[in-house]
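Visitor: The structure is given below, and queries will be raised subsequently.
2 protein chains.
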Amino acid sequence: MAGPVSPLAPAAFPALPEIAGVRFASVAAGVRYANRTDVMLAELEPGSAVAGVFTRSSTRSAPVRDCEAKIGADTSRAAFLVNSGNSNAFTGQAGERSVAEICAAVAQATGIDAARVFTSSTGVIGEPLPHERIVAKLGELNAALEPAGIEGAARAIMTTDTFPKGSTETVSIDGKPVKIAGIAKGSGMIAPDMATMLVYIFTDALIDQPKLQDLLREITDRTFNCITVDSDTSTSDTLLMAATGASGVNVTGSADFAAGLERVMLDLAHQVVRDGEGATKFVEIRVTGAASDDDARKVAMATANSPLVKTAIAGEDPNWGRVVMAVGKSGAEADRDRLSIHFGEILVAQNGWVSPAYDEEKAAAYMKGQEIVIDVDLGLGSGEAVAWTCDLTHRYIDINADYRS
Amino acid sequence: MAGPVSPLAPAAFPALPEIAGVRFASVAAGVRYANRTDVMLAELEPGSAVAGVFTRSSTRSAPVRDCEAKIGADTSRAAFLVNSGNSNAFTGQAGERSVAEICAAVAQATGIDAARVFTSSTGVIGEPLPHERIVAKLGELNAALEPAGIEGAARAIMTTDTFPKGSTETVSIDGKPVKIAGIAKGSGMIAPDMATMLVYIFTDALIDQPKLQDLLREITDRTFNCITVDSDTSTSDTLLMAATGASGVNVTGSADFAAGLERVMLDLAHQVVRDGEGATKFVEIRVTGAASDDDARKVAMATANSPLVKTAIAGEDPNWGRVVMAVGKSGAEADRDRLSIHFGEILVAQNGWVSPAYDEEKAAAYMKGQEIVIDVDLGLGSGEAVAWTCDLTHRYIDINADYRS
Chain A
1 MAGPVSPLAP
11 AAFPALPEIA
21 GVRFASVAAG
31 VRYANRTDVM
41 LAELEPGSAV
51 AGVFTRSSTR
61 SAPVRDCEAK
71 IGADTSRAAF
81 LVNSGNSNAF
91 TGQAGERSVA
101 EICAAVAQAT
111 GIDAARVFTS
121 STGVIGEPLP
131 HERIVAKLGE
141 LNAALEPAGI
151 EGAARAIMTT
161 DTFPKGSTET
171 VSIDGKPVKI
181 AGIAKGSGMI
191 APDMATMLVY
201 IFTDALIDQP
211 KLQDLLREIT
221 DRTFNCITVD
231 SDTSTSDTLL
241 MAATGASGVN
251 VTGSADFAAG
261 LERVMLDLAH
271 QVVRDGEGAT
281 KFVEIRVTGA
291 ASDDDARKVA
301 MATANSPLVK
311 TAIAGEDPNW
321 GRVVMAVGKS
331 GAEADRDRLS
341 IHFGEILVAQ
351 NGWVSPAYDE
361 EKAAAYMKGQ
371 EIVIDVDLGL
381 GSGEAVAWTC
391 DLTHRYIDIN
401 ADYRS
Chain B
1001 MAGPVSPLAP
1011 AAFPALPEIA
1021 GVRFASVAAG
1031 VRYANRTDVM
1041 LAELEPGSAV
1051 AGVFTRSSTR
1061 SAPVRDCEAK
1071 IGADTSRAAF
1081 LVNSGNSNAF
1091 TGQAGERSVA
1101 EICAAVAQAT
1111 GIDAARVFTS
1121 STGVIGEPLP
1131 HERIVAKLGE
1141 LNAALEPAGI
1151 EGAARAIMTT
1161 DTFPKGSTET
1171 VSIDGKPVKI
1181 AGIAKGSGMI
1191 APDMATMLVY
1201 IFTDALIDQP
1211 KLQDLLREIT
1221 DRTFNCITVD
1231 SDTSTSDTLL
1241 MAATGASGVN
1251 VTGSADFAAG
1261 LERVMLDLAH
1271 QVVRDGEGAT
1281 KFVEIRVTGA
1291 ASDDDARKVA
1301 MATANSPLVK
1311 TAIAGEDPNW
1321 GRVVMAVGKS
1331 GAEADRDRLS
1341 IHFGEILVAQ
1351 NGWVSPAYDE
1361 EKAAAYMKGQ
1371 EIVIDVDLGL
1381 GSGEAVAWTC
1391 DLTHRYIDIN
1401 ADYRS
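In order, the protein sequences belong to chains A and B.
Each residue of the first sequence is one higher than the one before, counting from 1 in our numbering.
Each residue of the second sequence is one higher than the one before, counting from 1001 in our numbering.
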């Protein structure tokens, strides 16, 4: 299933700074893939607050359930252990046993309390996780921990991602720098079976765990919860964030810190869309003038998830009728005669009809670009939202119709 | 965009009986298509109760709004006038004027009160309807009305449907026959732009209009509201039913009549799925054991709409992990350890894991069939639902990514 790197990929993996209080290692454990790293370990110094946001799937995986239960106020030493190649989802009681075995083995190798070991798994589902292959590598992983290992970690968590994903910001607070660095994996629901979006963010900021948890959930709602590749929800989506406090700078309540974190999360979210299965175009759907923000979100996501909108974009067709359709089906309050639609700067429709100024040739030329912006103004109120998606191409079907191999 | 007839099409258009009190005509008016009929007229004798169910889109078309407003207790002479080629949707105030012009012209040609003329339009959206082309043919249509014209009507309402759709039942009530005959068009949201599902059902039964309306809405919920091709909602979906009363048999409250009507509606609904854009497999998703019927419906529709389930079926892959994913994302109450999944007769998964008896070769062989049944039992309660869909293939993208022409 290895394909070419997405045409929407950033030019290069960014240079991520070392974050005081965090060390990384990665290793090839042969969980499923040959000739590549597939397990990463991150070790967090004492004082680290850990927060998490997880898939809302009711069939979420054993590692997700275990992680969720461990999120709390404890700031003792901690570890993130992630494998690719097998998601340990829908593996019954065996799944929980695998998580327990891995946590116990990480505890033994690192001296970290098993209650502070957070694991994630991504890859094929429904097959027992060969956890003994991971356990066998823990001594090696522990010995290899180093502050500069984050890019290796980003590569070890890839499944059919076509590029590793990283992002960073340094925020100045009271004249002192606070660093944020994050990595992610995700490409839609990935062949050979469904897979996941996994995100790990590290900062040397000092912040209370409940405040970090609230901030993470709030920003997730405007970033990772506003992207879609195919409308399908993973059983394994996990976002974990650690604040080590090593900078000594307390960022509780800092708008600058929140803004920096949001830039990192948005960048990673966009990179997931840019690696969407078969994607050739990056699409931003901006909705304004809705009766409420919630209504605006409904319209944005209905448009971003519509197979007909996404195939039209793949075909470089400025098919604004399908946008009208998506508005109509969204469940949001809408009035045909107040609706206006722009493709980029081009006014397409207004007052319930195609604009008299609309020039289809110009719109068709615009659709040939790699970055498409669709603006929908409902003309009703001040509610707004943005969603990001990609086009739906033949390659999506190639990737997902292929027999698992 | 003309393609081969769907491999899932019935062998032939059924022989539909004449319904006393209804006459049909169809004509080539050149609304958009060349060399084919594109307007149909049905005339209903006095005493005809008319009921309707319509799209819930908030951007629904001018004809839909007009039809909805006209449904009521009046049983005077009535007419259905339907054109293909242009949906008269998102055409601003001009759309309403076109509907009014057509209704007035039908009234003039037939002597039927304009308040009893129900119109539908299907085809490209956002372009003004050239209603004068339809108006010019009304005299010819009126002169051609005949009881046997229903198959011609079924053909005139097609857009990119690959076959005309009809269904019939004769129900015996107190020893007297009551006839039901219906026609439909629909193939998903159709190139060159979005299009619609339109359905017209005729019976010689005698029934109070409010009872007919209730019955139609209730059965729609179990038939047309349980099918999906691509999860997108048309601006023009219309189901109109006329009961002429000509048989003299009062069917109010008759379970036999309701059952016959449901068979016709289900058959037409299935035919729409069988003509789904690019479809090569007809898929039935049966959900049982849910906490409520509503929960069962959520699981059935989440599975039927999932691009990953649909591409797996296209690839003949018994990928039950994606069914687990769809259950998880549906929002319905679910417990991994109580879930069981069958593909046809093959038990795939139970107790939160793949069944020990599961034979992937057998399942892969099953997936090569043209009719696929997926059974999901949630093991929680007695809620149940069924949904019907088709697979998602390359041809869907070909049809929908093509520039409107």
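Every residue gets a Cβ at the ideal spot worked out from N, C-alpha and C, and that includes glycine.
Compute the distance between the beta-carbons of residue 1201 of chain B and residue 1240 of chain B, then report whether it is under 9 angstroms.
Guide: Yes.
Visitor: Residue ranges of each beta strand (DSSP E) run of no fewer than 3 residues wholly in the segment 338 to 369 of chain A, ordered along the chain?
Guide: Here the runs fully enclosed are 340 to 343, 346 to 350.
Visitor: According to DSSP, simplified to helix, strand and coil, what is residue 375 of chain A?
Guide: Strand, per DSSP.
Visitor: Locate the beta strand (DSSP E) running through residue 1098 of chain B, then write down its first and last residues.
Guide: Element bounds for residue 1098 of chain B: not the beta strand (DSSP E) but the alpha helix (DSSP H), 1092 to 1110.
Visitor: Is there contact here, the segment 1287 to 1300 of chain B with the segment 16 to 23 of chain A, by at least three beta-carbon pairs under 8 angstroms?
Guide: Contact fails: fewer than three Cβ-Cβ distances are below 8 angstroms.
Visitor: On a Cα-Cα basis, can you pick out the residue from B:1363, B:1389, B:1244 that is closest to residue 1284 of chain B?
Guide: The option with the nearest alpha carbon to residue 1284 of chain B is B:1389.
Visitor: Give me the subset of the segment 340 to 365 of chain A whose CB atoms are less than 8 angstroms from a CB atom of chain B, sorted by chain position.
Guide: Those would be 349, 351, 352, 353, 354, 364, in chain order.
Visitor: DSSP has residue 286 of chain A in a bridge; who is on the other side?
Guide: Residue 286 of chain A pairs with A:375, A:386.
Visitor: Please list, in chain order, the residues of the segment 1274 to 1308 of chain B that have any C-beta partner in chain A closer than 7 angstroms.
Guide: For the segment 1274 to 1308 of chain B, which is checked against every Cβ of chain A, the residues closer than 7 angstroms are 1306, 1307, 1308.
Visitor: Please work out which residues of its chain come closer than 8 angstroms, Cβ to Cβ, to residue 4 of chain A, disregarding the five sequence neighbours upstream and downstream, and give them in chain order.
Guide: Contacts found: 162.
Visitor: Quick check: the segment 1127 to 1143 of chain B against the segment 1029 to 1047 of chain B, are there 3 or more CB pairs under 8 angstroms?
Guide: Result yes; three or more Cβ-Cβ pairs closer than 8 angstroms.
Visitor: With a threshold of 16 other CB atoms inside 10 Å of the CB of residue 315 of chain A, please say whether the residue is buried or exposed.
Guide: Result: buried.
Visitor: Taking the DSSP output, what are the residues bridged to residue 167 of chain A?
Guide: BP columns for residue 167 of chain A point to A:182.
Visitor: Output the distance between the C-alpha atoms of residue 273 of chain A and residue 304 of chain A, rounded to the nearest integer angstrom.
Guide: Cα to Cα, residue 273 of chain A sits roughly 11 angstroms from residue 304 of chain A.
Visitor: Tell me the DSSP secondary structure of residue 260 of chain A in three-state form.
Guide: Three-state DSSP puts residue 260 of chain A in a helix.
Visitor: I believe residue 1236 of chain B touches residue 1089 of chain B by the beta-carbon criterion, under 8 angstroms. Please report the beta-carbon distance rounded to the nearest angstrom.
Guide: Indeed, because the Cβ distance is near 6 angstroms, the residues count as touching under 8 angstroms.
Visitor: Give a yes or no on whether the C-beta atoms belonging to residue 1349 of chain B and residue 126 of chain A are separated by under 9 angstroms.
Guide: Yes, Cβ-Cβ distance for residue 1349 of chain B and residue 126 of chain A is below 9 angstroms.
Visitor: Check whether the Cβ of residue 214 of chain A lies closer than 9 angstroms to any Cβ atom in chain B.
Guide: Judged by the 9 angstroms Cβ criterion, residue 214 of chain A is not in contact with chain B.
Visitor: Using the rule of at least 16 other Cβ atoms within 10 Å of the residue's Cβ for burial, across every protein chain shown, is residue 1369 of chain B buried or exposed?
Guide: Burial call: exposed.
Visitor: Excluding the 5 residues flanking residue 301 of chain A on each side, which residues of the same chain have their C-beta closer than 7 angstroms to its C-beta?
Guide: For residue 301 of chain A, where only same-chain residues beyond five positions count, the Cβ hits under 7 angstroms are 228, 387.
Visitor: In chain order, what residues of the same chain lie with their CB nearer than 6 angstroms to the CB of residue 73 of chain A, ignoring the 5 residues before and after it?
Guide: Cβ neighbours of residue 73 of chain A beyond the five flanking positions: 209.
Visitor: In this structure, does DSSP put residue 63 of chain A in helix, strand or coil?
Guide: Three-state DSSP puts residue 63 of chain A in a helix.
Visitor: To the nearest angstrom, report how far apart residue 297 of chain A and residue 1059 of chain B are at their CA atoms.
Guide: Each residue's alpha carbon lies about 17 angstroms from the other.
Visitor: Any chance the segment 1081 to 1088 of chain B sits against the segment 1154 to 1168 of chain B, with 3 or more Cβ pairs inside 8 angstroms?
Guide: The segment 1081 to 1088 of chain B is in contact with the segment 1154 to 1168 of chain B.
Visitor: From residue 38 of chain A to residue 118 of chain A, what does the alpha carbon distance come to, in whole angstroms?
Guide: Looking at the two C-alpha atoms, the distance is approximately 16 angstroms.
Visitor: For residue 200 of chain A, does the three-state DSSP call read helix, strand or coil?
Guide: Note: residue 200 of chain A maps to strand in three-state DSSP.
Visitor: How would you list, in chain order, the residues of chain A whose beta-carbon sits under 8 angstroms from the beta-carbon of residue 1104 of chain B?
Guide: Under the 8 angstroms cutoff, chain A gives no residues; its nearest Cβ is about 22 angstroms from residue 1104 of chain B.
Visitor: With three or more beta-carbon pairs closer than 8 angstroms as the criterion, would you say the segment 1323 to 1336 of chain B touches the segment 1371 to 1387 of chain B?
Guide: Because the criterion of three Cβ pairs below 8 angstroms is met, the segment 1323 to 1336 of chain B and the segment 1371 to 1387 of chain B touch.
Visitor: Buried or exposed: residue 1093 of chain B, going by 16 or more other Cβ atoms within 10 Å of its Cβ?
Guide: That one is exposed.
Visitor: Run through DSSP, which three-state label would residue 403 of chain A get?
Guide: Its pLDDT being 44, under 50, residue 403 of chain A is placed unreliably in this model, and the value from its coordinates should be taken loosely. If DSSP states are grouped into helix, strand and coil, residue 403 of chain A belongs with coil.
Visitor: Alpha carbon to alpha carbon, how far is residue 99 of chain A from residue 36 of chain A? Give it in angstroms, no decimals.
Guide: So the two alpha carbons sit approximately 22 angstroms from each other.
Visitor: Examine chain A for any beta-carbon lying closer than 9 angstroms to the beta-carbon of residue 1270 of chain B, and answer yes or no.
Guide: So no, residue 1270 of chain B is outside the interface.
Visitor: What does the Cβ neighbour count give for residue 172 of chain A, buried or exposed, with the cut at 16 atoms within 10 Å?
Guide: Exposed, by the Cβ-count rule.
Visitor: Can you name the start and end residues of the beta strand (DSSP E) that residue 1050 of chain B belongs to?
Guide: That run of the beta strand (DSSP E) goes 1049 to 1054.
Visitor: Under a Cβ-count criterion, where at least 16 other Cβ atoms within 10 Å of its own Cβ denotes burial, should residue 312 of chain A be classed as buried or exposed?
Guide: Buried.
Visitor: Comparing alpha-carbon positions, which option in A:270, A:52, A:69 lies nearest residue 212 of chain A?
Guide: It is A:52.
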